[in-house]
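A.B. asks: Here it is, the structure, as structure tokens.
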Amino acid sequence: MRNDLHGLEISQRELQILTNLPVKDELIIISNPLNQIGKQIIKKIKGSEGPTVVFLVFSTFVFSYLVFDILIKLFATWITIPSWLLLIILCLLGGGITQIFLYFWWKKRLEMLKKNLTNSLQILLHDVDRYNSIIKAIDINDQIEEAGNPGVSIKEREKVLEALQLTRNDLVRALKTERILRENKNFILRNTELFVNNLATLTAMQVTEQATEHGRLLNEALQIALDVQYEMQKLQSQE
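In structure tokens form, the structure reads like this:
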């Protein structure tokens, strides 16, 4: 991704902070982080640091096992099964219990999201998805250009990115406003007269592509997404 695209995308973490809700929260599968660690270790083993990494990993496993074996012999002398087998059983049992805990924690957060998900927030989340898709499309378009296809270069790139930055600001402002209204809904309902001048405007607020310079440039960004899709179809048809 080019430097001028960094910071434009609205990440999942930022979205959760803006909404104060577990938006797009996914169930953590305990094996996934372990797989990533394993891949990183294998990658380093294949590199110049291979011997050092192998030594460190092997030493860590041996040291951990020896400490565990000593603790079992000192404080659990009644256990008759081999310590290495007990270690495997405890690791599997601990992993299973942890996964169950993560599942119920995820379900609880999902229920909280469903309870607080308003129609306005659903619309805004959809707009965020569309916005992030445009960023991704521009990134793919840049990769196609760097692969030797100068004909797909983005015209008026600076203006397009400026329009996307304005759109990002609009989305962030709308998400913050929606959160304020949602979290203070009961107070607002009890004191409607205090908000009679502004409430209608705020609740009706929605990020739209107006017939302005901003809207025109955003439409150009949307066209980029279509161009990328067309280029991908051409590449697939040539295979």
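In our numbering, the protein residues as written are 11 to 249.
Quick reminder that beta carbons are idealized off the backbone N, C-alpha and C, glycines included.
Computed from a prediction, not measured in an experiment: that's the story for all the values here.
(1) Would you decide whether residue 28 is buried or exposed? Buried here means 16 or more other CB atoms lie within 10 Å of its CB.
(2) Identify which residue in 17, 16, 15, 38 has its Cα closest to the Cα of residue 120.
(3) Taking residue 122 as part of the alpha helix (DSSP H), name the residues at either end of that continuous run.
(4) Would you call the region 87 to 95 in contact with the region 55 to 73, where contact means no fewer than 3 C-beta pairs closer than 8 Å?
(5) For residue 24, which option in 14, 15, 35 has the closest C-alpha, if you only look at C-alpha atoms?
(6) Considering only the alpha carbon of each residue, which of 189, 192, 182, 196 lies closest to residue 21?
(7) Taking only three categories from DSSP, how would you classify residue 290?
(8) Under 7 Å, do residue 123 and residue 185 count as touching if we go by C-beta distance?
(9) In the DSSP assignment, find the alpha helix (DSSP H) that holds residue 53 and state where it starts and stops.
(10) Could you please give the first and the last residue of the uninterrupted alpha helix (DSSP H) stretch that includes residue 74?
(11) Would you give the residue range spanned by the alpha helix (DSSP H) that residue 179 belongs to?
(12) In the structure shown, what three-state DSSP assignment does residue 250 receive?
(13) Which word fits residue 12, buried or exposed, when buried means at least 16 other C-beta atoms lie within 10 angstroms of its C-beta?
(14) Alpha carbon to alpha carbon, how far is residue 55 from residue 61? Give it in angstroms, no decimals.
(15) Whose CA, out of 144, 97, 16, lies closest to the CA of residue 77?
(16) To which residues of the same chain is residue 216 closer than 6 Å at the C-beta, ignoring the five residues directly before and after it?
(17) Under a Cβ-count criterion, where at least 16 other Cβ atoms within 10 Å of its own Cβ denotes burial, should residue 218 be classed as buried or exposed?
(18) Secondary structure at residue 161, three-state DSSP: helix, strand or coil?
(19) Among the candidates 117, 104, 82, whose CA atom is the shortest distance from the CA of residue 94?
(20) Taking C-beta to C-beta, are residue 193 and residue 130 nearer than 7 Å?
(21) Confirm, please, whether the CB-CB distance from residue 126 to residue 31 is below 7 Å.
(22) Hey, out of 136, 99, 167, whose CA is closest to residue 33's CA?
(23) Is it right to say residue 66 is buried, meaning 16 or more other beta carbons lie within 10 angstroms of its own, or is it exposed?
C.D. replies: From the atom records:
(1) Around the beta carbon of residue 28, 16 or more other beta carbons lie within 10 angstroms, which makes this residue buried.
(2) The closest CA to that of residue 120, considering only 17, 16, 15, 38, is found on 38.
(3) Note, residue 122: alpha helix (DSSP H), 93 to 126.
(4) Taking a cut-off of 8 Å on C-beta distances, the region 87 to 95 does not touch the region 55 to 73, as fewer than three cross pairs fall below it.
(5) Answer by Cα proximity: 35.
(6) The closest CA to that of residue 21, considering only 189, 192, 182, 196, is found on 182.
(7) Residue 290 is absent from the model: the chain starts at 11 and stops at 249.
(8) Taking 7 Å as the Cβ cut-off, residue 123 and residue 185 do not qualify as a contacting pair.
(9) Here the alpha helix (DSSP H) through residue 53 covers 41 to 56.
(10) For residue 74, the enclosing alpha helix (DSSP H) covers residues 60 to 85.
(11) First-last of the alpha helix (DSSP H) with residue 179: 167 to 193.
(12) Outside the modelled stretch of the chain, which goes from 11 to 249, sits residue 250, for which no answer is possible.
(13) By the 10 Å Cβ count, residue 12 comes out exposed.
(14) Annotation: residue 61 to residue 55 spans about 7 Å, alpha carbon to alpha carbon.
(15) Per the Cα distances, 97.
(16) Note that residue 216 has pLDDT 44, beneath the 50 cutoff, so the model's placement of it is unreliable and the number below is only indicative. No residues qualify anywhere along the chain.
(17) Residue placement at residue 218 is flagged as unreliable, the pLDDT there being 45, under the threshold of 50; a coordinate-derived value is accordingly withheld.
(18) Three-state DSSP puts residue 161 in a helix.
(19) It is 82 whose Cα lies nearest to the Cα of residue 94.
(20) Contact: no.
(21) Yes; because the gap between Cβ atoms is below 7 Å, this pair is in contact.
(22) For residue 33, the nearest C-alpha among the options comes from 136.
(23) It counts as exposed.
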